[in-house]
Amino acid sequence: MTLQLPLEERVTNLEDLMAQLMRTTIQTSRNVNQLSQEMREFKDEMREFKDEMREFKDEMREFKDEMGEFKDESRRIQQNFNKQLGELSNKMGTLVEDLVAPSIGRVLRTVIGCPDDRIQASAIRVKKTNPANGQQREFDAIAVCGEYLFINETKSRLRPEDVTAFVQRLPEARGYFPEYGAYKLIGGVASLYVDESVVRFGERLGLIVMGFGEEAMDVLNSPEFQPQTF
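In terms of the working numbering, the sequence shown opens at residue 141 and continues consecutively.
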């Protein structure tokens with residue numbers, strides 16, 4: 141037997157259901173509207189963020205350009221200073237002290253891969269006596285790095301005959317440094333300005349050739365150059 145609610149009660153229940161559905165619909169609509177508003181605000185914030193990022197990137201690009209210009213200007217100032225210092229040192233006879241000696245560590249690192257922290261000794265205007273014959277000789281600059289003894293001769297004006305004379309005397313230098321008898325002897329010549337023909341000539345004789353460059357005195361030899369041992 142099926143029980144049936146009175147019509148009036150059923151209508152009341154239906155009205156309650158409709159009212160509840162209406163409230164749910166209104167609440168859902170409000171939620172959707174709120175979500176839509178929040179999405180619009182989020183999109184606006186993202187748009188503002190993108191604009192700020194674009195401005196930041198533009199500022200960073202400008203900063204990098206300014207830094208690049210600053211570095212270029214600093215490099216030009218340093219090169220000009222080195223040039224003036226070199227010309228003054230050349231006139232005063234202090235080219236070895238002012239430009240050559242401070243560059244030897246970097247030069248040896250470039251040519252023979254010797255790190256600066258492995259330079260055991262370095263000196264300029266070295267006066268030595270050959271214990272075998274008592275003769276004295278002065279060397280412009282020397283450096284000991286790893287298994288190498290490096291001897292430099294610096295000229296205010298480097299000519300081919302200067303290079304030839306240095307190469308001829310270089311083997312005799314061993315007699316002045318008996319304490320480095322087991323070391324490999326390599327030589328280098330330096331001048332403020334070196335003609336390209338003199339660079340090639342010195343390289344053919346196995347010498348490191350140094351001249352004025354971006355970092356005080358630079359190696360002028362070709363990249364594949366290997367110094368001769370004497």
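Positions of the beta carbon are idealized from the N, C-alpha and C atoms, including for glycine.
| Check | Outcome |
| --- | --- |
| Proximity below 8 Å, CB of F306 to CB of G327 | yes |
| Beta-carbon proximity of P311 to F370, cut-off 8 Å | yes |
| Validate contact between the segment 253-262 and the segment 334-354 using beta carbons, cut 8 Å, 3 pairs | no |
| Residues of its chain near V339, where Cβ-Cβ distance is below 6 Å and the 5 sequence neighbours each way are ignored | V349, L360 |
| Sub-8 Å separation of V240 and A281 beta-carbons | yes |
| For Y320, the three-state DSSP class (helix, strand or coil) | helix |
| Burial state of L332, where buried means 16 or more other Cβ atoms lie within 10 Å | buried |
| Check whether L298 and Y323 have beta carbons under 8 Å apart | no |
| Sequence-distant residues of the same chain with beta carbon closer than 8 Å to M141, five excluded per side | For M141, the pLDDT reaches just 49, beneath the cut-off of 50, and the residue's location in the model is therefore unreliable, although a value from the coordinates is still provided. Taken in chain order, the list of residues that qualify is empty. |
| Start and end residues, beta strand (DSSP E) containing G372 | The requested residue 372 is not part of the displayed model; the chain covers only 141 to 370. |
| C-alpha gap between A159 and Q167, whole angstroms | 12 Å |
| Distance between D205 and S176 (C-alpha atoms, nearest Å) | 43 Å |
| Where the alpha helix (DSSP H) through V307 begins and ends | 300-309 |
| Separation of R170 from D156, as counted between CA atoms | 21 Å |
| Cut-off 8 Å between Cβ atoms - residues of its own chain near Q276, not counting five sequence neighbours on either side | K267, K268, T269, N270 |
| Spatial neighbours of G342 in its chain, beta-carbon cut-off 7 Å, leaving aside the 5 residues before and after | V303, V329, V349 |
| Opening and closing residue of the beta strand (DSSP E) in which L289 lies | 288-294 |
| C-beta contact flag for G321 and A272 at 8 Å | no |
| Status (buried if at least 16 other CB within 10 Å, exposed otherwise) for V284 | buried |
| Other residues of its chain near A313: CB distance less than 6 Å, five sequence neighbours each side excluded | I291 |
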